[in-house]
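Take any residue in the sequence shown, count from 1 to its spot, add 1: that is its number in the numbering used here. Virtual Cβ for every residue (Gly too), placed ideally from N, Cα, C. The block underneath contains the structure these notes are about, expressed in structure tokens.
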Amino acid sequence: MKYAAITDRLSTLGGAKWDVHLRARAMAAAGVPILSLSIGEPDLPPPPELLDRAQAAMMAGRYTYSNGRGEPALLAALAARYTRRTGREITPSQFVCLPGTQTALYATLLALVGPGDEVLIGDPMYATYEGVVAAAGAVVVPVPLRPEHGFHMQAADLAACITPRSRLVLLNSPHNPTGAVLTRAEVQAIGSVARAHDLWILSDEVYEELVFDGETFASPLDEADLAERVVAVSSISKSHAAPGFRSGWCVGSEEFTERLLPVAETMLFGNQPFIADMTALAVSAPSQVARVMAGRFAERARLMHQMLDGNHLRVHKPAAGMFAVVDVRATGLSGVEFANRLLDEEHLGVMPGESFGDVLAGWLRVSLTRPDAEIAEACRRIAAFSTRVMEGRG
Ligand SMILES: Cc1ncc(COP(=O)(O)O)c(C=O)c1O
2 MKYAAITDRL
12 STLGGAKWDV
22 HLRARAMAAA
32 GVPILSLSIG
42 EPDLPPPPEL
52 LDRAQAAMMA
62 GRYTYSNGRG
72 EPALLAALAA
82 RYTRRTGREI
92 TPSQFVCLPG
102 TQTALYATLL
112 ALVGPGDEVL
122 IGDPMYATYE
132 GVVAAAGAVV
142 VPVPLRPEHG
152 FHMQAADLAA
162 CITPRSRLVL
172 LNSPHNPTGA
182 VLTRAEVQAI
192 GSVARAHDLW
202 ILSDEVYEEL
212 VFDGETFASP
222 LDEADLAERV
232 VAVSSISKSH
242 AAPGFRSGWC
252 VGSEEFTERL
262 LPVAETMLFG
272 NQPFIADMTA
282 LAVSAPSQVA
292 RVMAGRFAER
302 ARLMHQMLDG
312 NHLRVHKPAA
322 GMFAVVDVRA
332 TGLSGVEFAN
342 RLLDEEHLGV
352 MPGESFGDVL
362 AGWLRVSLTR
372 PDAEIAEACR
382 RIAAFSTRVM
392 EGRG
């Protein structure tokens, strides 16, 4: 049988990146005691009041069809939240509710780019970005996020990658996998480049509420002079430890959401009212559970730094999010070799940096979403393995 080209474009993305993680899972299923820090899932349940709200809404019959944009109460709650955040009036018609940030990214890219267009994305990048860009038929152009700049995208590096085909810059701050948080000045500088070249800015803000104490979140959406060209996407997956509910949204100009609406309607035929009720409650105030998680993740990142940063390993301190990245280049191994041998010899699963882009070749990504004792044990195993490698090199 013949299949559409999209299935070919997506078939080579995904699989290989997750090799070490999938191997760790298979070994665990076969009874090997694996310590797995390869993916980031919140290690707390969602707040009980959210579960109560979803359950009560379901029992009250909130399981009928919705509309394509989102339930009115959720749209109102989102409008109030973003009006507070941006300091400008953001109306309910500037949103489209979608199942998670992932679907919001997919739908937005489908609405904004097509075959031949170039999408500029910081390298390293979240593992699904290549797929959502390829699904729309466009091409990823990696913009190096340099370790010496704390993995913050520099406007000059962005400008150097622009061609006549550039159409959109996809920003992700706080950043997965590096935990970098762009400053307002950096966002404004990137915004100036986007304005000069008439680019869209798609801002993935799923980790907004997981910024560590003392750090400040900045968004291009909050810059009034960029408003017409910015679309922000987010969800309650990370902020409320609720990824399985698949509840997210995008926010942009009314013109953009009018264009997006038929795309969303065609894909989904509306959202789930009982999940919308829960989400309306979630977004009506800053997330308390996010503060708890951010505190824990910051502490675990400090622990990793204390235990591992030294002679031949470097731990990059994240400013937000669920991960820390570790530079293992001094061992002479690639991130892929290091992660595979770590799994075989120490039964520890972490992601090789190469899964996130060329810039992270020779790095590891370690999830901070496991208890402190597991993080400490993981550090001991990484240290033991790297010491063995260094001794072997003589
Ligand atoms: C940067 C980034 N964007 C999007 C997502 C997907 O989030 P959601 O569960 O809201 O679809 C993730 C999940 O890990 C992520 O790390």
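Alpha-carbon spacing of residue i relative to residue j, whole angstroms
{"i": "residue 356", "j": "residue 32", "result": "26 angstroms"}
{"i": "residue 127", "j": "residue 66", "result": "33 angstroms"}
{"i": "residue 171", "j": "residue 122", "result": "5 angstroms"}
{"i": "residue 178", "j": "residue 324", "result": "6 angstroms"}
{"i": "residue 217", "j": "residue 346", "result": "40 angstroms"}
{"i": "residue 55", "j": "residue 21", "result": "36 angstroms"}
{"i": "residue 46", "j": "residue 300", "result": "19 angstroms"}
{"i": "residue 341", "j": "residue 239", "result": "28 angstroms"}
{"i": "residue 173", "j": "residue 205", "result": "5 angstroms"}
{"i": "residue 167", "j": "residue 143", "result": "12 angstroms"}
{"i": "residue 363", "j": "residue 140", "result": "25 angstroms"}
{"i": "residue 115", "j": "residue 354", "result": "29 angstroms"}
{"i": "residue 119", "j": "residue 79", "result": "31 angstroms"}
{"i": "residue 314", "j": "residue 382", "result": "13 angstroms"}
{"i": "residue 294", "j": "residue 147", "result": "27 angstroms"}
{"i": "residue 75", "j": "residue 338", "result": "47 angstroms"}
{"i": "residue 91", "j": "residue 84", "result": "5 angstroms"}
{"i": "residue 230", "j": "residue 176", "result": "21 angstroms"}
{"i": "residue 372", "j": "residue 296", "result": "13 angstroms"}
{"i": "residue 69", "j": "residue 9", "result": "30 angstroms"}
{"i": "residue 184", "j": "residue 62", "result": "45 angstroms"}
{"i": "residue 164", "j": "residue 249", "result": "32 angstroms"}
{"i": "residue 247", "j": "residue 27", "result": "26 angstroms"}
Assigned exposure category for residue i - 16 Cβ within 10 Å defines buried
{"i": "residue 12", "result": "exposed"}
{"i": "residue 3", "result": "exposed"}
{"i": "residue 332", "result": "buried"}
{"i": "residue 312", "result": "exposed"}
{"i": "residue 60", "result": "exposed"}
{"i": "residue 7", "result": "exposed"}
{"i": "residue 157", "result": "exposed"}
{"i": "residue 180", "result": "buried"}
{"i": "residue 278", "result": "buried"}
{"i": "residue 95", "result": "buried"}
{"i": "residue 460", "result": "Lying before the first or after the last residue shown, residue 460 is absent from the chain, which here runs from 2 to 395."}
{"i": "residue 17", "result": "exposed"}
{"i": "residue 72", "result": "buried"}
{"i": "residue 43", "result": "buried"}
{"i": "residue 199", "result": "exposed"}
{"i": "residue 150", "result": "exposed"}
{"i": "residue 270", "result": "exposed"}
Cβ neighbours of residue i in the same chain (closer than 8 angstroms, five flanking residues each side left out)
{"i": "residue 108", "result": "97, 99, 251, 261, 264, 265 and 268"}
{"i": "residue 89", "result": "225 and 228"}
Integer-rounded CB distance, given that residue j should sit under 8 angstroms from residue i
{"i": "residue 125", "j": "residue 358", "result": "4 angstroms"}
{"i": "residue 194", "j": "residue 159", "result": "5 angstroms"}
{"i": "residue 236", "j": "residue 102", "result": "4 angstroms"}
{"i": "residue 213", "j": "residue 58", "result": "Actually they are not in contact, since the Cβ atoms of residue 213 and residue 58 sit about 33 angstroms apart, beyond 8 angstroms."}
{"i": "residue 241", "j": "residue 48", "result": "6 angstroms"}
{"i": "residue 110", "j": "residue 133", "result": "5 angstroms"}
{"i": "residue 37", "j": "residue 29", "result": "7 angstroms"}
{"i": "residue 93", "j": "residue 77", "result": "6 angstroms"}
{"i": "residue 202", "j": "residue 192", "result": "7 angstroms"}
{"i": "residue 210", "j": "residue 287", "result": "7 angstroms"}
{"i": "residue 182", "j": "residue 291", "result": "That pair is no contact at about 14 angstroms."}
Proximal residues to residue i (C-beta, below 6 angstroms), its chain only, five neighbours per side dropped
{"i": "residue 82", "result": "284"}
{"i": "residue 188", "result": "219 and 221"}
{"i": "residue 343", "result": "349 and 386"}
{"i": "residue 281", "result": "74, 75 and 78"}
{"i": "residue 5", "result": "none"}
{"i": "residue 52", "result": "none"}
{"i": "residue 254", "result": "229"}
Residue i beta carbon near ligand 2 (any heavy atom closer than 7 angstroms)
{"i": "residue 247", "result": "The model on display carries ligand 1 but not ligand 2."}
Contact set for residue i: own chain, Cβ-Cβ below 7 angstroms, skip 5 residues either direction
{"i": "residue 316", "result": "305, 306, 309, 310, 325 and 327"}
{"i": "residue 40", "result": "22 and 368"}
{"i": "residue 318", "result": "302 and 306"}
{"i": "residue 207", "result": "102, 235, 236, 238 and 239"}
{"i": "residue 257", "result": "232"}
{"i": "residue 162", "result": "121, 142 and 144"}
{"i": "residue 14", "result": "131, 132 and 135"}
{"i": "residue 378", "result": "36"}
{"i": "residue 366", "result": "178, 324, 326, 351, 352, 354 and 357"}
{"i": "residue 25", "result": "35, 37, 39, 344 and 350"}
{"i": "residue 87", "result": "222 and 223"}
{"i": "residue 329", "result": "314, 336, 339, 363, 364, 365 and 387"}
Task: Within 6 angstroms of ligand 1: residues by beta-carbon to any heavy atom - done: 101, 102, 103, 127, 173, 177, 205, 207, 236, 238, 244 and 249
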